[in-house]
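Under mature numbering (1 follows the signal peptide of the UniProt record, and there is no 0), residues -23 to -1, 1 to 400 are what the sequence shown spells out, in order. Each residue gets a CB set at the ideal place from its N, CA and C atoms; glycine is no exception. From a predicted model like this one, the values you see are computed outputs, not experimental measurements. Encoded as structure tokens, the structure appears first; notes follow it.
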Amino acid sequence: MQPRNIIAPVLATIAITSLGATALHSAEHDPNDTVSHNDLKTDPEVETVELDYPVETNDLFSRAETLGVKIVSVEYLISDGLGVYIYDTEKTAEENAADLEVTLHSQAPGGNPAVFSVTALAATQQPSHSDGSPQNAGSFAAPSSLLEEARHLPHAEPGDSELPRPDGLGDELNDSGLREDGFNASSDEPPTRAHPNSIWFQTKDNVDGKRQVSIFSQWAGQSNTHKAPKYWWGAEIQLYQHNYNLPETISRPLCAPGTDKRYWANASLAGATMTVSINDGTADGVLKSLEAYIDSNHLSDPCSTGAIGVGFGKPTVIPDMDINWGGGNEKLHQMLYVDLRLPKGSNSWSHISAATKYVQNNCQGHRSHTDCMGLSIDPGHPWPKDKLKGGTDFLLLNKQRKWRTPTHFSWDEYADRRPKALQ
């Protein structure tokens, strides 16, 4: 990649991602599955603006619309965690702010999205959907114009409430009742000790009019996020939707218009909202440093796949809790809980598969986001496969099982058998 230019007023930064770069994620695949598909990612030119201080979403969205700035996503602090919102360019600023407020009312009750980072299209680009169809362009201004404007907006506070988590979730993960029936699990250990060794998914059809995907990951015993290479590798968790009535040999952006809607959840992810809490909710000092994003860049993915992914540019910043776990001498190091609320697709269900993986962080010097993660493998910072005794990708649910939403499943290193898909 070419070096990026940086416009850096005091206490504010803009990260510019170059146009036309391609990505090839290094991957170790199950021969019976396609975890990452081609994993080629075309990188649109975007700029990430880090604000001097957090501001209210409705103020920011309104000001951006007036200026002609095309927001892609925003990152915000909320309650004792953080969140990401994918801006829906088919809606007005007022409608986006209202939709976010309604969703967060149940997703983060008592919390307030205090935006500290904005990713927007650079002024030279014309916006398009992830399936290649054009969006309404309208007036178009550089994201840098938001910096001065944001300095005139009032400060926002994230609220002092706690993000909700399912009751008894930790007990469920350690309860063999979840795993006593179902498919045989592989007894092999995870590819590396940087991957979580216990991960739980749940999908729900209708939560306040949205699809919900909940993900809970634990690193315990010998597994620890701190074993991943620092700075140069980020972590992603992917839930893949599959529609076998769509062509697998044709990839975005060449898919037919409307392809993204032909899944359980709309694969464009426009209007998607994510909240993230780490450990016991007391590690708020590192929330910004985690550099969370929703992986909405699906360019080069097959038309038959609609991915729902979350990513973390700097997973090694999650503190080590180092607390007793499992009734023995094992230690629980990190916990990560993600709650996604997604616009519905036109299908009542989708087949699914799932994986967790590490991708190269090509956002060096800038804040991580979907369009600059996994663009290439820097030969100076390869994945330490020999040292970690495994590759970057770890398959959690094989698509050939033909599980479908809504469902509830987990992978646990300590389990003898996989759980049955719950319909």
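Handout entry: Cβ pair count under 8 Å reaching 3, the stretch 376 to 389 against the stretch 328 to 344
Key = yes
Practice task
For my contact list, residue 402 and H203 are in at a C-beta cut-off of 8 Å; report their separation, rounded to the angstrom.
Solution key: Residue 402 is absent from the model: the chain starts at -23 and stops at 400.
Handout entry: Best match in E33, G198, P31 for proximity to G304 [C-alpha to C-alpha]
Key = G198
Problem - Cα-Cα separation, V32 to E134 - result: 8 Å
Practice task
Ignore the nearest five residues each way along the sequence and tell me which others in G248's own chain have a CB closer than 7 Å to its CB.
Solution key: I63, D65, D76, P320
Problem - Boundaries (first-last residue) of the alpha helix (DSSP H) holding S83 - result: 70 to 84
Exercise for the section: In angstroms with no decimal places, state the Cα-to-Cα distance between H343 and E24. Expected result: 10 Å
Exercise for the section: Quick one: which unbroken beta strand (DSSP E) runs of 3-plus residues sit fully inside the stretch 289 to 351? Chain order, please. Expected result: 308 to 319, 328 to 337
Practice task
Using DSSP bridges, identify the partner residues of S200.
Solution key: DSSP, once it has assigned bridges, lists no residue as partnering S200.
Problem - Boundaries of the beta strand (DSSP E) in which N183 is found, first to last residue - result: 175 to 184
Problem - Reference L140, options E27, P131, S56, A233, closest by Cα - result: S56
Problem - Identity of the residue in V79, Q189, E22, H310 nearest G286 by Cα - result: Q189
Exercise for the section: Give the secondary structure of L389 by DSSP, where H, G and I count as helix, E and B as strand, and everything else as coil. Expected result: The identity of residue 389 in the sequence shown is Asp, whereas the question assumes Leu. Looking at D389 - three-state DSSP - the assignment turns out to be strand.
Exercise for the section: Report buried or exposed for residue 437, applying the criterion of at least 16 other Cβ atoms within 10 angstroms of its Cβ. Expected result: The structure shown does not extend to residue 437, since the chain is modelled only from -23 through 400, so no value can be given for it.
Exercise for the section: Starting from P279, follow its DSSP beta bridges and name the residues at the other end. Expected result: S228
Handout entry: P230 and L276 closer than 7 Å at C-beta
Key = yes
Exercise for the section: Assign A41 to buried or exposed, taking buried as 16 or more other Cβ atoms, counted over all protein chains shown, within 10 Å of its Cβ. Expected result: buried
Handout entry: S191, DSSP secondary structure in three states
Key = strand
Problem - G52 - containing beta strand (DSSP E), residue span - result: Before going on, a small fix: residue 52 reads as Glu here, not Gly. First-last of the beta strand (DSSP E) with E52: 48 to 55.
Problem - Candidates L28, E67, E126, of which the one nearest T43 by Cα - result: E126
Problem - 6 Å CB neighbourhood of V51 in its chain, flanking five on each side removed - result: Y62, V92, V95
Problem - Residue range of the unbroken beta strand (DSSP E) whose run includes A97 - result: 91 to 98
Practice task
Would you tell me roughly how many angstroms separate the C-alpha atoms of L123 and G58, rounded to the nearest one?
Solution key: 25 Å
Problem - Residue closest to N256, alpha-carbon to alpha-carbon, out of A119, T80, N201 - result: N201
Practice task
Name the two residues that bound the continuous alpha helix (DSSP H) containing S254.
Solution key: Unbroken run through S254 is the beta strand (DSSP E), 250 to 255; no alpha helix (DSSP H).
Exercise for the section: Can you tell me which of N35, G235, D363, P292 puts its alpha carbon nearest to the alpha carbon of Q337? Expected result: P292
Problem - Residues sharing a beta bridge with residue 401, DSSP - result: Residue numbering for the chain in the displayed model covers -23 to 400; residue 401 lies beyond these limits and cannot be assessed.
Handout entry: Closest by C-alpha distance to Q179, when choosing among V49, R381, P206
Key = R381
Problem - Reduced DSSP category for G211 - H, G, I as helix; E, B as strand; rest coil - result: strand
Handout entry: Meets three-Cβ-pair contact criterion under 8 Å: the stretch 306 to 322 and the stretch 368 to 380
Key = no
Practice task
Give every residue of the same chain whose Cβ lies closer than 6 Å to the Cβ of V12, excluding the five residues on either side of it in the sequence, and list them in chain order.
Solution key: Its pLDDT being 42, under 50, V12 is placed unreliably in this model, and the value from its coordinates should be taken loosely. Correct list, in chain order: H6, A332, D370, L372.
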